[in-house]
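Asker: Residue numbers (the working numbering): 32 to 99.
No residue lacks a Cβ here, since even glycine has one placed at the ideal position from N, Cα and C.
What you are looking at is a predicted structure, and each value in this text was computed from that prediction instead of being measured.
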């Protein structure tokens, strides 16, 4: 249960979950243009990449504080 709680606390997981949800909705027949779905997936992908870079920066700062 703790793992699931941690996953839903992750911004990257929530963004990926939202992207998967958009794909499922599009496959179920809701009228979404392919271009719109692709644009949403690109936006989510860029967000996840940016959040990953930010997380690297946070971890680096933590290590530097621990070394002092």
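Within 10 angstroms of the Cβ of residue 73, are there 16 or more other Cβ atoms? Answer buried if so, exposed if not.
Answerer: It counts as exposed.
Asker: When the Cα atoms are used, what is the spatial distance from residue 77 to residue 97?
Answerer: Approximately 31 Å between the Cα atoms of the pair.
Asker: Would you mind stating whether residue 38 and residue 53 have Cβ atoms separated by less than 7 Å?
Answerer: The answer is no: Cβ separation not under 7 Å.
Asker: Cα separation between residue 35 and residue 62?
Answerer: Straight-line Cα distance between these residues: approximately 31 Å.
Asker: Go ahead and label residue 50 buried or exposed: buried means 16 or more other beta carbons lie within 10 angstroms of its beta carbon, across all protein chains shown.
Answerer: Buried is the call here.
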